[in-house]
Each structure stands twice: as structure tokens, then as C-alpha cells.
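> The structure's right below; bear with me while I get my questions together.
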Amino acid sequence: MGSDSESPTSSDDSTSQNPNPNPHPNSTSIDQSLDAIEDQLTSIALAQPNDLASDDPASSSEEEEVFKDAPNGSVLEEENQKERNEGEIVEEEVGVVAAEEEVREEGRLGWRRVNSEVEVDRLSSPSSSGYAGERGSSGGASTASGIEEIGEDRGFDGNGRGEFFDGASDSQAPPWVPGKRHVDEDDASVSWRKRKKHFFILSHSGKPIYSRYGDEHKLAGFSATLQAIISFVENGGDRVKLVRAGKHQVVFLVKGPIYLVCISCTEEPYESLRGQLELIYGQMILILTKSVNRCFEKNPKFDMTPLLGGTDVVFSSLVHSFSWNPATFLHAYTCLPLAYATRQAAGAILHDVADSGVLFAILMCKHKVVSLVGAQKASLHPDDMLLLSNFVTSSESFRTSESFSPICLPRYNPMAFLYAYVHYLDVDTYLMLLTTSSDAFYHLKDCRIRIEMVLLKSNVLSEVQRSMLDGGMRVEDLPVDPSPRSEFSSPHLGQSRIATDSPDRFREAFAGIGGPAGLWHFIYRSIFLDQYVSSEFASPINSSQQQKRLYRAYQKLYASMHDKVIGPHKTQFRRDENYVLLCWVTPDFELYAAFDPLADKALAISTCNRVCQWVKDVENEIFLLGASPFSW
Amino acid sequence: MPSRRRTLLKVIILGDSGVGKTSLMNQYVNKKFSNQYKATIGADFLTKEVQFEDRLFTLQIWDTAGQERFQSLGVAFYRGADCCVLVYDVNVMKSFDNLNNWREEFLIQASPSDPENFPFVVIGNKIDVDGGSSRVVSEKKARAWCASKGNIPYFETSAKEGINVEEAFQLIAKNALKSGEEEEMYLPDTIDVANGSQQRSTGCEC
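These protein sequences, in sequence, are chains A and B. Here the first sequence is numbered in our numbering, starting from 2 and rising by one per residue. Here the second sequence is numbered in our numbering, starting from 147 and rising by one per residue.
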């Protein structure tokens, strides 16, 4: 948006103007489009190695810092400025709103904090809201100085749970984790103010519904402030979407009587944060349906917190998945790799039950789909699958018994409930049968018994477990010469050279650190199938911190590729001190690849071609094919 | 689950500027009083946890600005209030006369479902001033007005001395709680695929 006028950022703009006449991975190669702009890219890369067309209005130097800072969660050089910003989030955001709305001129509304009230008595009672605490408004900020910023994941109070939660799990799908953290905090707590990413749900009367950190009731004053900001702007016939306050972004999403707010200094793009708020809202709808709106219509003071009782874990698990599950920004689901015949066998038995009044039959292993079948004309949106599987996997009670629970699929029908029969077949594998009939429990139980028998008999469950152990695609397994076809279809000198002599060279150079040509990781998203496949994380992307950082980089890439103002784009090549990122979008697929920051560009491009070919070669195993009713 | 259930009550404090709304709130929440007057800009928010009949609940107190230029805060501020506190200064006749306007304004903006029975509480503040000798609104007069408006509970307080403040807020909490009791029924639908329409089912949540 802001930066596209700057000359160095034109890299993908120009790319996007290069039409890619043939989007099929088999028959064309990314070289064609990328080679054409190669020289241009080189000069750009030299001039501004970190720059890149981005929707982010931040300057290029800030872009650099996104990557530098994100992993550590603590930036010492900017400490002072940050402290100031953090201590005054509210003040600044109000200030911005006020400026935009010309509050003071209208003379209708302002906030105490806008006015510099120096004479305020600096009492800060623990039982009062931060607004009271802020009576020493600038004082509150100064007490914060000298304390290092708390990472999103690290407990300020030395509470190890924090680290466990977002942090130190190595698996791609971390285990279920306890829900609410740091309940003792409120907006007067320095630690609370230093959290990198807050999420709030509140009602249009300003009553708190959910807060990621801290106790909702203690945050009632803060919640009221958020409501006041939103409502004030709305009164003027306008809508507040985003407020920037120093390093913080405050993102607002209004869904009828439900207000959602994210306050973040993670430097994720606005579109990503907004998408996350949409998912949080969707999760709420999944639990309650949109009919809660009626309660608010009849009674604005309606308090819906009791209706959400016990669902803290569902929301915290969803928020956690924003940093490890690419489905949250790709809007696609992923499958567990399985032999084609195995998945067919699972699909066949699910199909049988779908004919007997089941709307959707879904067999999943953690967040990965084994197979799914829908009744005629019924289509399942990937976001609904994400929210449903998050709901099921985050709630411990589903694991211990067979359950029958009302759920709502927001993209299917946000107004009404379906009923979900959920049963775990083994520790990670669970079956979900969705129906419209509230008395179908025994029928679905019978269906489950039949399904389970067939799955056991045909060894599907053991195959599922083996696949879990084997893992998915590994970059180091990227075939040098994926298929005989590629020899014929790659007339480019560059590629044939790589295919013949360079692999050895690179195997040496990058031994143990990723795949050929410095390939570290990739995600391939099939547009038709609504599915993606992500390579396993390998060295050097080992820790979950690094994984989160990479996902955030992908997320940013995704947002810039799909930018509504200057996008959509077709290719993007981006180099900074952490990665080379390459993105290629065609009508059929999207490829996101991360390489060693020193990776050679030509090699990276041809490696992407090989990845696409590889995915194509194994698509029978990594995707659920022929599930046409599920594309939406 | 029900024992842990906490209620949040939105309490709005209205009244002319300078009658002591912020001081009352400060005395109640923080047990502090300052002689210095500083105008509230727009609104201020405080929370206080209160125990009442073995139930824990949170008062979310919306302290609004009394100046006329802030009066059009609009629906947003009043929406979903559980109780409204009308404050006047017993030493200033105008502030008492204006109670009617404040009450009307609130009922228009908040449009509660049952305006006749919406819980108001009236507070006559600053009874300590000059030992009561500068008082212009008699308790009798105030009580008569309250009675005429559907028996609004009435308190005379001194935010400075802390007289009757706790008692007033106790009743505010109690009345707010009572009005919150008649909760809206949450009745979600179930999808009826066959008819393409929705059937109302019994609410079965939580």
C-alpha cells in the first residue's frame, strides 16, 4: 500500500505484470517468468537486499527488523522507545482516534487520557481498572522502563507454563495445552502490558467476553475503553479498523453486537491479524451459533460469558495455532500422507455412512485429514474444518469418551446447530460424524462401530499411525530428477545443469542443513483441492520459535501476494538475513519456499520447479483427491 | 460451574458537572478523596469486585463527564447498563433540577426493555459542605421526587468524608443484580436439511 510507490519495492510489481501463460507445473517452469525478471531482481537485490514489495507501509529498514526481532521477542536497542509506547497503548490509540475523528473540535467526546492530566493523584488500586491505574498515566509507563519486553511466549513471572504453551514443543502439532494463562494479571500489570499479542472479545455494551491474558472481570475497565473507542467512531457513521501506536497495531473487528480486538506488536500484517480475529469469531460461532445476536437485540446487557463457560482452552488453542498451523492463513486443510489405496479404503466406508443421514463424516489425525466425505451438495469450508478440529482436539473431554455435542459450522450455516458425534479411535485419530438430527446419537454410534471395524480390518489405523511416525515430505528427499518427464520438459540450461552436476556440490555445502540448493522448507497449496502440503521442519528450522518466525514470514508473504490494492501477484523473490523466500502463485497452486539466505537465486528457482514436480508426482498420497463435494 | 459463575454489572453514573461523580467513585473504589477538582473528559472506567450474598460480581463503573458538551455520548455509552446512578449536589439547586433531564436522556439512549422498572439510584452528595448550612435541596424534596419516579432509592452522601458511599453502592449493586436476573433465553436453531428451513430447538448449551 504505502511502499509501492518507492522504487526499490517494485520487485514483485513488475513480476506480476509478467503474465505466466501456462500455469501448469508439469508443462511449464517457474524459470520462464522468473528468468525474465532475473536481471531486474538482481539489481534490486543488490541495492536493497531486504526490500520487497509489501503491503506494509513500514519502511524498508523496519522490514529488516521484523525478521531480526521476531525470534527473540526482545529488542534492546529500541528499548526506551518501546517502553514508552507500551506504557501508553491506550493513550496513543485514543489519541489517534481522536485525531481522526476530530473529537476535540466536535467537543463531544474525549478521554481522560487524551488530556494530559498531570495533577492526577497517582493511586493505583489493584481492584480498579487500568484506567484508575493510569491516573498516574505517564508514571505507569515509567515504572515499566528497564524491564525487558516479555515475549509472547515467555512468562514474565517465571511461570513456566507460558513457555510451554507457545514455545518449546518440537512437533508440528504441539500437544494440547492449558488454556488461560496469567489470570492474575490486569491492565495495570506491567507484565500484561508487555505481552506481545492480546486478543479481546467484548459485547457492544463493553462487557468483556474473552481476553487472552488476564482476568476478564479485572479487565472490565479496559474492555469499556475499547467499546467506547469503537462506538464513538461508529456514532460518527464511520468504522475503526486499525490504529497504529508506535510498534503496536490495534485491530478492530465488529460483528454485530460482538466486538473483537487484537493489540499486537508482532509486526504481522493487518490482514493477518484481522484474519485471526475472524477465526476467533468463527470459533465463538462454532460454539454458540450466531443466534446469540438475538439475545443482544432483546437485551443489550446480555452477558454471554456463562454460555462460553469452560471454553478458554478452545480459544487459547486457536490463538496458539496462529503461530504453528499454516491453515490459519492459507484457508486450506492438509492431509496425512497415506497410500492412495489406504485413503480410498477409508473414504469408502465413510461414504457408506454418509448415505445414511450423516451430513459430514471426517476422519482426522491431529490437525491432518485422513479422509472426509459429505452428503450431496454439502460442502465443508477449510476454515470450518480448522475450527472444528481445534474445538475437538483442544477439549480434553472428547478424548476420554464418545461425545455428542452441538456445534455450528460458521461457513456452512452460522445461524444453526449441527450435532457432532466425536470419538477417538486412537490417541491421535478421531472420527467426527456431523448430523442435523439431535437424536441420532445411537445411530451414529452404530456407524462409528462399523467404520472402526472396517478401518481396523483394512489396516487403515495402523497405516495412519505409521504415517505419523514417518512424517511428511522432507526437503532433503527432494528428488534430483523427480520424474522422467522433467528431463523433457526442462529445456532450460540452468535447470539441466543443476540436475546433473550441482546436486553433489550442494549436498556437500549444505549437508545436514536442509535440502538441495539450500532449500529449508516449503508449503504447496492446491487451489482446486483447498488443500496444502507442508514439508517437515528440518535443521536449521528446529525450534518452534524458528518455525513460528518462518510461518510469520510466510504469512506476510501471503498477505502481500494477495494484497487487494497492489496485488494479486504471481511471483515474489525476497532475500533478507534470515531467508530467501520465494513465492509463486498460479491459478492452480501457490508455492511458498524458504531457502538459506545465501542460496543462489537461479538454483532456488529451479528447485521450486522440482518441488512442484515432486508434489505432482506424489499427489495421490499427500492429497485427498476426488473429494469434489468439499470444494466450496 | 454455577458457583464459579461471576456476574459483571455495568453501572453508569450521571449528573451535572462538579456534583462529585468521580469523587464518589474514587471514594468507593479507592477509598481516596481529593479536594482538587478536575473535570472528567468524556468518560472514565473503574472496576470493583463485590461480594454479595455469597456471590462474587464485578461492578464496571462508567463515570461520565457532566459537562453539557459531553452529553451526546450516545447510545454506545448507555447501552446495556444494569443500573444508572443519578448524582446531584445538595448545595446546588440546578443540579437537582437537572436530575429529570439526566433520567430522561438515559432512558432515551439506553432504551431499556422495561423503562418503568429500570433500576436507578439517586445520590445527593456533598452533605458535608459548611456543616450542611449551605444546603439548598432538602431531603424531603429529594425523596418526594424519587418517589414520584417509581420509588427510586435515595442516598445522601459525602464523598469527602466517606459517609454513606459504601451503603449507596451496595444498593446499586443489589439493584443492578436484580435487574440482571431475568436473563434472555438463548435458543439456537438446528439445521433442517430436508426442508431447507430451521427448526427452533430447546437451548441446550453448557
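Glycine included, every Cβ here is placed at the ideal spot set by N, Cα and C. Just so it is clear, the structure is predicted and the values come from calculations on it, not from any experiment.
Could you list the residues in the stretch 403 to 425 of chain A with a C-beta less than 7 Å from some C-beta on chain B, going in chain order?
From the stretch 403 to 425 of chain A, only P407, N414, M416, A417, F418 and L419 have a Cβ closer than 7 Å to chain B.
> Who pairs with T210 (chain B) in a beta bridge, going by DSSP?
Paired residue(s): B:A189.
> Using CA coordinates, which residue listed in A:K198, A:N391 and A:F523 is at the minimum distance from H249 (chain A)?
Considering only alpha carbons, the answer is A:K198.
> Closer than 7 Å, Cβ to any Cβ of chain B: which residues of the stretch 301 to 319 of chain A, in chain order?
Listed by position along the chain: P301, K302, F303, D304, P307, L308 and G310.
> Which same chain residues end up closer than 8 Å to L287 (chain A) when comparing Cβ atoms and leaving out the 5 residues on each side of it in sequence?
Counting only Cβ-Cβ distances below 8 Å, and skipping sequence neighbours, we find D385, L388, L389, F392, I408, C409, L410 and P411.
> Exposed or buried, E302 (chain B), counting other C-beta atoms within 10 Å across all chains shown (16 or more means buried)?
With 16 or more Cβ atoms within 10 Å of its Cβ, E302 (chain B) is classed as buried.
> I need the straight-line Cα distance from L253 (chain B) to R225 (chain B), nearest angstrom please.
Distance between the alpha carbons of L253 (chain B) and R225 (chain B) is about 10 Å.
> If Y214 (chain A) and E186 (chain A) are in contact, beta carbons under 8 Å, what's the gap, nearest whole angstrom?
Yes, they are in contact, since the Cβ atoms of Y214 (chain A) and E186 (chain A) sit about 6 Å apart, within 8 Å.
> For D276 (chain B), count neighbouring Cβ atoms within 10 angstroms of its own Cβ and tell me buried if that reaches 16, exposed if not.
Exposed, because fewer than 16 other Cβ atoms sit within 10 Å of the Cβ of D276 (chain B).
> Distance check for S396 (chain A) and S402 (chain A), CA to CA, integer angstroms please.
Approximately 12 Å between the Cα atoms of the pair.
> To the nearest angstrom, how far is the alpha carbon of Q466 (chain A) from that of L426 (chain A)?
Cα to Cα, Q466 (chain A) sits roughly 11 Å from L426 (chain A).
> So what's G222 (chain A) in DSSP terms, helix, strand or just coil?
Helix at G222 (chain A).
> What are the residues in the stretch 231 to 251 of chain B lying within 7 Å of chain A by C-beta distance?
From the stretch 231 to 251 of chain B, no residue has a Cβ closer than 7 Å to chain A.
> If you follow the beta strand (DSSP E) that G348 (chain A) is part of, which residue opens it and which one closes it?
Careful: G348 (chain A) lies outside any beta strand (DSSP E), inside the alpha helix (DSSP H) at Y341 to A355.
> Is the shortest distance between the beta-carbon of T193 (chain B) and the beta-carbons of chain A less than 7 Å?
Output row for T193 (chain B): interface = yes.
> To the nearest angstrom, how far is the alpha carbon of E578 (chain A) from that of V374 (chain A)?
Each residue's alpha carbon lies about 44 Å from the other.
> Tell me which residue opens and which closes the alpha helix (DSSP H) that S273 (chain A) is part of.
Run containing S273 (chain A): Y271 to L289, per the alpha helix (DSSP H) assignment.
> Helix, strand or coil: which one does DSSP assign to S372 (chain A)?
Here S372 (chain A) sits in strand by DSSP.
> Would you call the CB atoms of A293 (chain B) and G270 (chain B) closer than 7 Å?
Not closer than 7 Å, so no.
> Touch check for the stretch 163 to 176 of chain B and the stretch 189 to 204 of chain A: three-plus C-beta pairs under 8 Å?
Touching, no.
> Check C230 (chain B) in the structure and name its three-state DSSP category.
In this structure, C230 (chain B) counts as strand in the three-state DSSP scheme.
> List, in chain order, every chain A residue whose beta-carbon is nearer than 9 Å to that of Q206 (chain B).
What Q206 (chain B) touches in chain A: S130, G207, K208, P209, H218, A221, G222, S224 and A225.
> Which bits of chain B does V251 (chain A) rub up against, with CB to CB less than 7 Å?
Neighbours of V251 (chain A) on chain B: none; closest Cβ ~17 Å, over 7 Å.
> Where does G238 (chain A) land, buried or exposed, given buried means 16+ other C-beta within 10 angstroms?
Per the 10 Å Cβ criterion, exposed.
> Our contact map puts G207 (chain A) next to K156 (chain B) with C-beta atoms below 8 Å; I'd like the distance itself, whole angstroms only.
Right, their Cβ atoms sit about 7 Å apart.
> Just to confirm my understanding: we take N460 (chain A), look at its own chain, exclude 5 residues before and 5 after, and list those with CB closer than 8 Å. What are they?
Cβ within range, chain order: T343.
> Note down the Cα distance separating T193 (chain B) from L205 (chain B), rounded to an integer number of angstroms.
So the alpha carbons of these two residues sit roughly 5 Å apart.
> Could one say the Cβ of A222 (chain B) lies closer than 7 Å to chain A's Cβ atoms, at least one of them?
Closer than 7 Å to some Cβ of chain A, the Cβ of A222 (chain B) qualifies, so yes.
> Going by Cα to Cα distance, which pick from A:G358, A:Q532 and A:S273 is closest to Y422 (chain A)?
Nearest C-alpha to Y422 (chain A): A:G358.
> With H, G and I counted as helix, E and B as strand and the rest as coil, what does DSSP make of A314 (chain B)?
DSSP places A314 (chain B) in helix when its eight states are reduced to three.
> Would the stretch 522 to 537 of chain A and the stretch 613 to 624 of chain A be scored as touching if the rule is three or more Cβ pairs under 8 Å?
The stretch 522 to 537 of chain A is in contact with the stretch 613 to 624 of chain A.
> What do you get for N321 (chain B), buried or exposed, if any count of 16 or more other CB atoms within 10 angstroms of its CB means buried?
N321 (chain B) comes out buried.
> Hey, is T436 (chain A)'s beta-carbon within less than 7 Å of any beta-carbon in chain B?
With 7 Å as the cut-off, T436 (chain A) does not count as an interface residue toward chain B.
> Specify the secondary structure class of W615 (chain A) as computed by DSSP and reduced to three states.
DSSP places W615 (chain A) in helix when its eight states are reduced to three.
> Among residues of its own chain, excluding the 5 on either side of I298 (chain B), which ones have a beta-carbon nearer than 6 Å to its beta-carbon?
F266, V268 and C292.
> Can you tell me the Cα-Cα spacing of L280 (chain A) and N176 (chain B), whole angstroms?
Whole-angstrom Cα-Cα distance: 39 Å.
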